[in-house]
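The sequence shown maps to residues 0 to 299 in numbering that gives the first Met the number 0.
Built from N, CA and C at the ideal position, the CB exists for glycine as well.
Below is one structure; the comments refer to it alone.
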Amino acid sequence: MPTWEDKLILPDGQIASYQQEEHTRKFKLVAEPIAHNILPEVTIDVLGYNGNTPGPMIVVKQGEWVEIEVENRTEGPTTLHVHGLSKPNTQDGRPPIEPSPKIKPGERFTYRFQALQVGTFFYHSTENFQENLGLVGAFVVLPNDYNTHQVMLPDRDYTLIVQQWQIEQPELGKVFPGTYKPVKFGIQPNFFTINGKCFPEATPLQTKFGERLRLRFINKSSSSHSMHTHGHDFNIVEVDGFTRTGMMDDTISLASGKRIDVELIANNPGKWPINGTKTFHQSNNGHTPGGMITQLIYNE
Numbered sequence: 000m001p002t003w004e005d006k007l008i009l010p011d012g013q014i015a016s017y018q019q020e021e022h023t024r025k026f027k028l029v030a031e032p033i034a035h036n037i038l039p040e041v042t043i044d045v046l047g048y049n050g051n052t053p054g055p056m057i058v059v060k061q062g063e064w065v066e067i068e069v070e071n072r073t074e075g076p077t078t079l080h081v082h083g084l085s086k087p088n089t090q091d092g093r094p095p096i097e098p099s100p101k102i103k104p105g106e107r108f109t110y111r112f113q114a115l116q117v118g119t120f121f122y123h124s125t126e127n128f129q130e131n132l133g134l135v136g137a138f139v140v141l142p143n144d145y146n147t148h149q150v151m152l153p154d155r156d157y158t159l160i161v162q163q164w165q166i167e168q169p170e171l172g173k174v175f176p177g178t179y180k181p182v183k184f185g186i187q188p189n190f191f192t193i194n195g196k197c198f199p200e201a202t203p204l205q206t207k208f209g210e211r212l213r214l215r216f217i218n219k220s221s222s223s224h225s226m227h228t229h230g231h232d233f234n235i236v237e238v239d240g241f242t243r244t245g246m247m248d249d250t251i252s253l254a255s256g257k258r259i260d261v262e263l264i265a266n267n268p269g270k271w272p273i274n275g276t277k278t279f280h281q282s283n284n285g286h287t288p289g290g291m292i293t294q295l296i297y298n299e
């Protein structure tokens, strides 16, 4: 019988592999320079985990112990912080404010903590704007097997991570092919991605009539974004790891660092956009349509 974990999908990304030892899941992340295609004609020289940005989605169950070994292949020190998840001070990944170490180039460090909260979280580097250059990834804690029996499982469970990039272009309104190094401060972004891809390259979400879908929205950019599901209303079921009930909408506001889970019933067949509502965010350097758009497509 399929489990909730079997239903998790990260379009254009991967679920992290792990080793299971009793009640511990052991993961390995390699922080390294990568060449990443946000469009077929646009490559960005950024940082990634295990060869991609966002990095692989880490999935654990409530109550399990988590070990994440981080190997640093970048040119400077790095860290790993799991945003929103309670953990010991020594495992928080935010030096020099707290006592976990910076990981120097060529070195490794293993973070260890227990996943006590169910919810949608994300991991990222806290060092020198590395998260703006791609060092981010999703972190999902599912209910343990006993508590899973208490809830109605979705038929498909999608995670969507929004990012933004400031890439030098000669002028607005068109896309200039090439390989670029984004500005790490990113205060004037002109390319916007979902799971590392601009529209029309973002892989669509698939569904069938009558299915229950869960969408986990994660904003790991410096700006706020409003996300809208065309043709469908939804229930907001979780905000920053806290359960919500009785909240219907068709648009959510995602502040920087925020996570919102929604559930909807696929009851309106067709091909529907899911997109950020800010006009410029629906473009690739001002060329439309593009940017922070994906699709929900019904299959027979």
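- Nearest Cα to GLU210 within the set TYR297, SER99, SER255: TYR297.
- As summarised for the region 112-159, the continuous beta strand (DSSP E) elements at least 3 residues long and confined to that stretch are 118-123, 135-141, given in chain order.
- Put simply, of ARG258, THR158, GLY290 the residue whose alpha carbon is nearest the alpha carbon of ARG243 is ARG258.
- Using a Cβ distance threshold of 8 Å, LEU28 and ILE67 count as a contacting pair.
- Taking the CA atoms as reference points, PHE112 sits about 27 Å from PRO32.
- The alpha-carbon separation between ALA137 and TYR157 amounts to approximately 11 Å.
- With distances taken between CA atoms, THR73 lies nearest to ARG107 out of MET56, ARG107, TRP64.
- Residue nearest to GLY290 within the set ASN234, ASN267, PRO199 is PRO199 (criterion: CA-CA distance).
- Around the beta-carbon of GLY177, fewer than 16 other beta-carbon atoms lie within 10 Å, marking it exposed.
- By the 16-neighbour rule on beta-carbons within 10 angstroms, ILE186 is exposed.
- In this chain, THR2 is not harboured by any beta strand (DSSP E), its DSSP state being neither H nor E.
- DSSP places ARG24 in the uninterrupted beta strand (DSSP E) bounded by 23-38.
- Counting C-beta pairs closer than 8 Å gives fewer than three between the region 165-172 and the region 247-255, which falls short of the contact rule.
- For the region 160-242, the full-length beta strand (DSSP E) segments reaching 3 residues or more read 177-179, 190-193, 204-206, 211-218, 224-228, 233-238 along the chain.
- Restricting attention to beta strand (DSSP E) runs no shorter than 3 residues, the region 63-100 encloses them at 64-71, 80-82, ordered along the chain.
- Annotation for THR278: no beta strand (DSSP E) segment contains it, and DSSP assigns it neither H nor E.
- Per DSSP, the unbroken beta strand (DSSP E) holding LEU295 starts and ends at 292-297.
- Closest in alpha carbon position to VAL236, among HIS123, HIS224, LYS183, VAL117, is VAL117.
- In this structure, PRO95 is the residue among SER85, PRO95, THR89 with its C-alpha nearest to the C-alpha of PRO76.
- In the DSSP assignment, MET246 forms no beta bridge with any residue.
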